[in-house]
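What follows is one structure encoded as structure tokens, with my remarks underneath.
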Amino acid sequence: MTEHDTPSITGRAYDAVALTYAESFPDPLGDRPLERALLGAFAELVRAVGGGVVDLGCGPGQVTAHLRGLGLDAFGVDASPVMVGLAREAYPELRFEVGSMEALEIGDGLLGGVLSRWSVIHTPPEELPGVLAEISRVLAPGGQVLFEFPATDGPEQQTQAYDHVVVTAYRWDPDRFAGLLRDQGLVESARLVLEPRPTDKRQFREVQLLASKEWIVPGPGR
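Going by the working numbering, the sequence shown opens with residue 167, and the numbers climb by one from there.
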């Protein structure tokens, strides 16, 4: 990884705001009953497949701990060493590692599930197919992946500020995103779209997209 790679830049940005981020989102699922319900369905599907689950972009670790509470052998990966340190301090019984979605240190087909909650938002459009290929690589046949991201007719670049640090983020067209998944043998099975309410701070649609890895990955021309 070079100094200018996206994971390095994103990791350094979140290092700088890790404490502010953790204080701002102490219970990221507390007021999100629909997301908790979808995570419960995700957990049930993963348990049927078997195998561990990685929480990509785990941040301070609260959602990783939630997955463990749902009976999954969950561990977290984040590009920010400071975030990983906070997660390890808060949940010493769980496993957290510094790593990159572009090059996961996980063997082929070892996982029953992958959670990517707001972690692909910092991936430039030209790099997204490689990230999805890496996710597909680590999933066992029948494995489940759950994505959450902001939606647009895009993709559309935006800036995102935490405290004094600004990072680049992207919104995704859900249909285009699902097409990129199919290219990697990941088939959409459910989609939840949340429209912004007048009281929401976020004025954009949120998408939660569940997909499963095909037992036979399509080859060229299929």
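Here a beta-carbon is modelled for each residue, glycine too, at the ideal position from N, C-alpha and C. Everything numeric in this text was worked out from a predicted model, so none of it was measured.
- In this structure, the beta-carbon distance from L211 to D221 does not fall below 8 Å.
- With a threshold of 16 other beta carbon atoms within 10 Å, S190 falls short and is exposed.
- In the DSSP annotation of this structure, the continuous segment of the beta strand (DSSP E) that includes F262 starts and ends at 262-264.
- In the three-state reduction of the DSSP assignment, T289 falls in the coil class.
- Within the DSSP secondary-structure output, R357 pairs in a beta bridge with L375.
- In summary, P316 is buried, with 16 or more beta-carbon neighbours lying within 10 Å of its beta-carbon over all protein chains present.
- Per DSSP, R202 has no beta-bridge partner at all.
- Restricting attention to I287, V297, V353, the CA atom closest to the CA of T334 is found in I287.
- Taken in chain order, the complete beta strand (DSSP E) segments of 3 residues or longer contained in the stretch 203-277 are 218-222, 240-244, 262-264.
- Within the model, the alpha-carbon separation for P307 versus E380 is close to 6 Å.
- Contact annotation, F208 with F241: C-beta distance approximately 16 Å; criterion of less than 8 Å not satisfied.
- C-alpha of F343 to C-alpha of E292: approximately 12 Å in a straight line.
- In this structure, Q310 places its C-beta atom within 8 Å of the C-beta atom of G279.
- Each of A214, L360, P226 was checked against the Cα of M249, and the nearest Cα belongs to P226.
- A straight line joining the alpha-carbon of T230 with that of A245 spans about 15 Å.
- Residues of the same chain with a CB within less than 6 Å of the CB of P247, apart from the 5 flanking positions on each side, are V264 in chain order.
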